[in-house]
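Residue numbering for the sequence shown follows the working numbering, beginning at 65 and increasing consecutively. To start, the structure itself, in structure tokens.
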Amino acid sequence: MKDWRHVSRRLAGMLAMSIIPLAMASAAATSIAPVKMETFHIGAFNLALRADTQTLARLSPQTEPSFDFTLGQRLAERQGDGYVQIGDIHIRLRTGSGPWRDFASDHARRPITPLTTDGNTFAAADMTATLGQDFPLKLTRSWVKDGDGVVMRFVLSNPGNESIDVGALGLPMVFDNILTGCSLEQAHTQASFADPYIGEDAGYVQVTRLNGNGPALLVLPEAGTPLEAWNPIADTRHAKPDDLFTDRGPRGQTAEGFYDWTVASRGFAEQEWAHAGEPWNVPTSIVLKPGQTRTLALRFVLSPSIRAIESTLIRYQRPVAVGIPGYVIPTDLTASLFLHSPQPVAHIDVQPKDALELMPAPPQHGWTRYTVRAKGWGRARVTLHYQDGSVQTVSYFMTKPLQQAVADLGHFATTREWFDDPNDPFHRAPAILTFDREANAIVTQEPRVWIAGMSDEGGAGSWVAAMMKQLDNPDPLEVAKLERLMDETVVGTLQVATGAHAGAVRKSLFYYDPAAHPGYYDPQRDWSTWTSWSKQDADDLGRSYNYPHVAIGHWVMYRLARNHVGLVTRHDWRWYLDHAYQTAVAMMRDAPHYAQFGQMEGEVFVEILKDLQREHLDAEAANLTQLMKARADHWRTLAYPFGSEMPWDSTGQPEVYAWMRYFGYQTQAAQTREVILGYDPALPSWGYNGNARRYWDFLYAGKLARIERQIHHYGSALNAVPLFDAYRANPSDLYLLRVAYGGLLGGIANIDRDGFAAAAFHSDPDAMRFDAYSGDYGMGFFGHAYASATYLVDDPTFGWLSFGGNLTQSADGWRLTPRDSARTRVFIAPASAWLTLSAGKFESVDYQPGHGDIVLHLGPADAHTPVARLSVEATTAGAPHYQLQGVPIERGQYVIALQAHPTIVHLTVASHWR
Numbered sequence: 065m066k067d068w069r070h071v072s073r074r075l076a077g078m079l080a081m082s083i084i085p086l087a088m089a090s091a092a093a094t095s096i097a098p099v100k101m102e103t104f105h106i107g108a109f110n111l112a113l114r115a116d117t118q119t120l121a122r123l124s125p126q127t128e129p130s131f132d133f134t135l136g137q138r139l140a141e142r143q144g145d146g147y148v149q150i151g152d153i154h155i156r157l158r159t160g161s162g163p164w165r166d167f168a169s170d171h172a173r174r175p176i177t178p179l180t181t182d183g184n185t186f187a188a189a190d191m192t193a194t195l196g197q198d199f200p201l202k203l204t205r206s207w208v209k210d211g212d213g214v215v216m217r218f219v220l221s222n223p224g225n226e227s228i229d230v231g232a233l234g235l236p237m238v239f240d241n242i243l244t245g246c247s248l249e250q251a252h253t254q255a256s257f258a259d260p261y262i263g264e265d266a267g268y269v270q271v272t273r274l275n276g277n278g279p280a281l282l283v284l285p286e287a288g289t290p291l292e293a294w295n296p297i298a299d300t301r302h303a304k305p306d307d308l309f310t311d312r313g314p315r316g317q318t319a320e321g322f323y324d325w326t327v328a329s330r331g332f333a334e335q336e337w338a339h340a341g342e343p344w345n346v347p348t349s350i351v352l353k354p355g356q357t358r359t360l361a362l363r364f365v366l367s368p369s370i371r372a373i374e375s376t377l378i379r380y381q382r383p384v385a386v387g388i389p390g391y392v393i394p395t396d397l398t399a400s401l402f403l404h405s406p407q408p409v410a411h412i413d414v415q416p417k418d419a420l421e422l423m424p425a426p427p428q429h430g431w432t433r434y435t436v437r438a439k440g441w442g443r444a445r446v447t448l449h450y451q452d453g454s455v456q457t458v459s460y461f462m463t464k465p466l467q468q469a470v471a472d473l474g475h476f477a478t479t480r481e482w483f484d485d486p487n488d489p490f491h492r493a494p495a496i497l498t499f500d501r502e503a504n505a506i507v508t509q510e511p512r513v514w515i516a517g518m519s520d521e522g523g524a525g526s527w528v529a530a531m532m533k534q535l536d537n538p539d540p541l542e543v544a545k546l547e548r549l550m551d552e553t554v555v556g557t558l559q560v561a562t563g564a565h566a567g568a569v570r571k572s573l574f575y576y577d578p579a580a581h582p583g584y585y586d587p588q589r590d591w592s593t594w595t596s597w598s599k600q601d602a603d604d605l606g607r608s609y610n611y612p613h614v615a616i617g618h619w620v621m622y623r624l625a626r627n628h629v630g631l632v633t634r635h636d637w638r639w640y641l642d643h644a645y646q647t648a649v650a651m652m653r654d655a656p657h658y659a660q661f662g663q664m665e666g667e668v669f670v671e672i673l674k675d676l677q678r679e680h681l682d683a684e685a686a687n688l689t690q691l692m693k694a695r696a697d698h699w700r701t702l703a704y705p706f707g708s709e710m711p712w713d714s715t716g717q718p719e720v721y722a723w724m725r726y727f728g729y730q731t732q733a734a735q736t737r738e739v740i741l742g743y744d745p746a747l748p749s750w751g752y753n754g755n756a757r758r759y760w761d762f763l764y765a766g767k768l769a770r771i772e773r774q775i776h777h778y779g780s781a782l783n784a785v786p787l788f789d790a791y792r793a794n795p796s797d798l799y800l801l802r803v804a805y806g807g808l809l810g811g812i813a814n815i816d817r818d819g820f821a822a823a824a825f826h827s828d829p830d831a832m833r834f835d836a837y838s839g840d841y842g843m844g845f846f847g848h849a850y851a852s853a854t855y856l857v858d859d860p861t862f863g864w865l866s867f868g869g870n871l872t873q874s875a876d877g878w879r880l881t882p883r884d885s886a887r888t889r890v891f892i893a894p895a896s897a898w899l900t901l902s903a904g905k906f907e908s909v910d911y912q913p914g915h916g917d918i919v920l921h922l923g924p925a926d927a928h929t930p931v932a933r934l935s936v937e938a939t940t941a942g943a944p945h946y947q948l949q950g951v952p953i954e955r956g957q958y959v960i961a962l963q964a965h966p967t968i969v970h971l972t973v974a975s976h977w978r
């Protein structure tokens, strides 16, 4: 839920933290003396240090000196005590068995003592004083030129007579992710997002620009500075009074906040994280004996582009891990882990023991390869011990076979989340409502009323997920319940059925009206904020983001009725397609303000249009084309057409991309693709790989409501959709497929062993668990179900690979056995052949590279699927065009009669192809 009008109008309750207008900050800054700086041209950088603190004041590529990765433009307003900078340090320590004590160089700044520099050291200082008079260690910091990079080095020494245990040590990473007061153009031009690979000695932070352009900044550890944890720096206003590891800048929807590169974390694990889930790495501490020193250092370097990050790491002699298809591994899939390291692997540990099996496989072009098989369920950590003593960790998530995980989801949603109370005063029955996993109960009331209201993302998520599950894996009992949901609750209650507003969608069925419903509302909850909509607010038709959810329901039912026999019984296919069309038209008519933006799950409108065309409903198709082209033409005029009800968002880009591709606006489609890569990383962790940036939606759909980087919120799978399409259009760009598959599988980790699907995973180390609400999970599952496919790839570096399937070699080719959740889509990358089934299943696909033959093995018929319906598309110019000889075509698809046993189909290259 992201209704920005209400947020702007009523800065109340939990959302008051979100907005600090830039004009206010600028006005404050004008009354503050400018900060004195020393500027340097070092390697690939132009940089500046504050003259008084020697903290980093600016960091710009020499190739683009007007751009700054840091908060240089806000330096004046952030110069006082309590504002962290790069070059500060946070330390928790104790002597003997005494209590932990905290020290922060930024908390109450005191003059540092500059030190003499020589050689490549261009600035140095003794920082001990600024950590306070009780600080028992000595600390110096230096800035050093090293090749084309810059090294920030700390030396921590113990001058006393007792050993000191440093239980927590953090180096603030402060980059310009503040979007407050920025236009979209300003945000994309000047802001960056930081993503961590929390991989110990092989860890790093990548700082990527919002526009997706290079160069990207990499922060790399020197020896003795592992990235053990990524700890958020608390907003001072919401921190405990004695918390020193804070920043005075407000965290909120327009400012994610900053993080500590945490080298040691045991002091946190014993206190703030004591009740959290397993951390990414084993917490450690640093013991300094009398006279002992510890050197910590981070290197700042540039990668020419986001795609070149891994090659840049290799150039700097860093270990690089690449998981195929990623780091979420179903137990019936054989995965691969490729390693490129200057040091050989001495041994490998897995935690929990035996959860994963890693077996050496033949190397590929300088990369060590392991086959990986999952043997359990849940999180697992692979620890790679290199011969020089350095350590790299890779975080995995093990799941059930994907078809089983998806079946569990459908069953849970249509049983445990099924709400069928005929006396419900809000007329929500029958419905699938939000579920609270901690309470193991349906959420029938919530002050954020949409969560219990079956609409908006936080309320529609559960039933949209159940609906999308049926697209490729229909279950007759589940379909029957969903027919009831659409017929009895959606049409006529959630969606206006007749009249001038037919097709329009309300914001929520649940609302707050104690006069109309006395005694219903829990008096222990706070019903006083803007989130507790009145009935008038809940009945509002103007929020376009609600329309795709309902359109999905109609469209899935249309597909089931059209392509299967006897599954859908209440209405025929034409009724559902008409209602899907009507919903799209109503969005443009009744919600035009927000319809100017890309919508979550907006690809459904593209599919509705294509189906109208296939059915030769020419008048409807022409009207919908005109409506949608007007949107695309508007987006085409914008520098960054990714607006939202939010100041910046990561949810409009997929639909914008889809329409740009549909209408042939390739320049804008390519720009959209690159912007997605700016906030959607490829990292060796199930949590961050393909994890499209999101950090505020726990406020709107989570049970633990706070600003926090969300792991595999719905944006991950939604942003995978355009990346998959972009890869099929350019199969040489494996990076696109890797990021896309990370997002596609990331959300599967949200499904627990019973089938409950959480909105997202809490990444802050004091939580490290899935949220208890199902919330808006279904929006991401739309992306998963819509895009699930198996890909066959011949990569020049990694060789023959499969994403989503198991690959076996024969004498003259390869057999691909799909293990994705749908098993209805296969892409043969060397042939640019996109094979899709709207009915039927692929059991396996044979490809013979020598002459390009493709043989399909289709699953047997069942009671509802007597025929398979196959589409064959060449996705690149010059690719071979495959066809089936002597097979009837209906609505642009081959209609293949299925048997009681698997059916074998040979695709041949069309004779007219050149």
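For every residue, glycine included, the Cβ atom is placed at its ideal position computed from N, Cα and C.
- Which residues DSSP lists as bridging TYR434, in chain order: LEU401, PRO424
- Identify whether SER206 lies in helix, strand or coil by the three-state DSSP scheme. strand
- Query: Can you tell me where the beta strand (DSSP E) with ARG758 in it begins and where it stops?
  - Reply: Taken as a continuous stretch (DSSP letters only), ARG758 belongs to no beta strand (DSSP E), as it is neither H nor E.
- Query: Buried or exposed: which applies to GLY160, given that a residue is buried once 16 or more other Cβ atoms fall within 10 Å of its Cβ?
  - Reply: exposed
- Item | Backbone CA spacing between ASP418 and GLU141 [nearest angstrom] | 52 Å
- Query: Going by C-alpha distance, which of LEU422, VAL208, ASN222, SER329 is nearest HIS154?
  - Reply: SER329
- HIS777 by DSSP, collapsed to three states: which one? coil
- Anyone know if the C-beta pair for VAL931 and VAL959 falls short of 8 Å? yes
- Query: Between LEU473, GLN588, TRP294, which lies nearest to TRP337 when the distance is taken from Cα to Cα?
  - Reply: TRP294
- For HIS411, write down the residues that DSSP places opposite it in a beta bridge. HIS449
- Indicate whether HIS826 and GLU772 have their beta-carbon atoms separated by less than 8 Å. yes
- Bounding residues of the beta strand (DSSP E) (the contiguous stretch that carries MET462): 455-463
- Task: Taking TYR609 as part of the alpha helix (DSSP H), name the residues at either end of that continuous run.
- Result: Note, TYR609: premise wrong, no alpha helix (DSSP H); not H, not E.
- Item | Cβ separation of GLY276 and VAL739, assumed to be a contact under 8 Å, to the nearest whole Å | 5 Å
- Message: For VAL785, which residues in the same chain have their Cβ closer than 7 Å to its Cβ, ignoring the five residues on either side in sequence?
- Response: GLU667, PRO718, GLY847, TYR850, ALA851
- Message: Applying the 10 Å Cβ sphere with the 16-neighbour rule, what's the burial state of ARG695?
- Response: buried
- Query: Secondary structure at HIS826, three-state DSSP: helix, strand or coil?
  - Reply: strand
- Query: Three-state secondary structure (DSSP) at SER375?
  - Reply: helix
- Message: Going by DSSP in three states, GLU141 sits in which element: helix, strand or coil?
- Response: coil
- Item | Beta-carbon contacts of GLY869 that lie in its chain and below 6 Å, excluding the five residues immediately before and after | THR854, LEU880, THR881, PRO882, ARG883
- Message: Does any residue of chain C have a CB that is nearer than 8 Å to the CB of ASP190?
- Response: Absent from the structure is chain C; it holds one protein chain and no more.
- Item | Start-end ranges of the beta strand (DSSP E) lying completely within the stretch 855-933, minimum 3 residues | 863-867, 869-873, 878-882, 889-892, 897-903, 906-912, 917-922
- Message: Less than 8 Å between the C-beta atoms of LEU195 and PHE218, yes or no?
- Response: no
- Query: Given GLU954, which residues of its chain have a CB within under 8 Å of its CB, disregarding the five upstream and five downstream residues?
  - Reply: ARG933
- Message: I need the boundaries of the beta strand (DSSP E) containing LEU235, first residue and last residue.
- Response: 228-237
- Task: Could you tell me which uninterrupted alpha helix (DSSP H) segments, each at least 4 residues in length, are contained entirely in the stretch 680-704, listed from first to last along the chain?
- Result: 682-700
- Item | Beta-carbon spacing of ARG363, ASP210 below 8 Å | yes
- Query: Relative to the C-alpha of ARG618, which residue among TYR645, ASP539, SER596, THR593 is closest?
  - Reply: Sequence inspection shows His at residue 618; the Arg mentioned does not correspond to that position. Ranking the options by Cα distance to HIS618, first place goes to TYR645.
- Start-end ranges of the alpha helix (DSSP H) lying completely within the stretch 519-585, minimum 4 residues: 520-536, 540-548
- Grab me the residues of THR888's own chain with a C-beta within less than 6 Å of its C-beta, minus the 5 sequence neighbours each way, in chain order. ASP536, LEU901
- For VAL629, count neighbouring Cβ atoms within 10 angstroms of its own Cβ and tell me buried if that reaches 16, exposed if not. exposed
- Query: TRP527 and ILE496: beta carbons closer than 8 Å?
  - Reply: yes
- In angstroms, rounded to a whole number, what distance separates the CA positions of ALA93 and GLU226? Because ALA93 sits at a pLDDT of 40, beneath the cut-off of 50, its placement in the model cannot be relied upon, and the following sentence gives the value as read from the coordinates. Distance between the alpha carbons of ALA93 and GLU226 is about 45 Å.
- Item | Coil, strand or helix - PRO85 by DSSP | Low confidence applies here, because PRO85 scores a pLDDT of 33, under 50, leaving its location unreliable; read the following figure in that light. In this structure, PRO85 counts as coil in the three-state DSSP scheme.
- Please list, in chain order, all residues of the same chain as SER82 whose beta carbon is under 6 Å from its beta carbon, the five residues on each side excluded. Per-residue confidence for SER82 stands at a pLDDT of 32, beneath the threshold of 50, marking its modelled position as unreliable; no derived number is given.
- Task: Buried or exposed for MET423, please, with buried defined as at least 16 other CB atoms from any protein chain shown within 10 angstroms of its CB.
- Result: exposed
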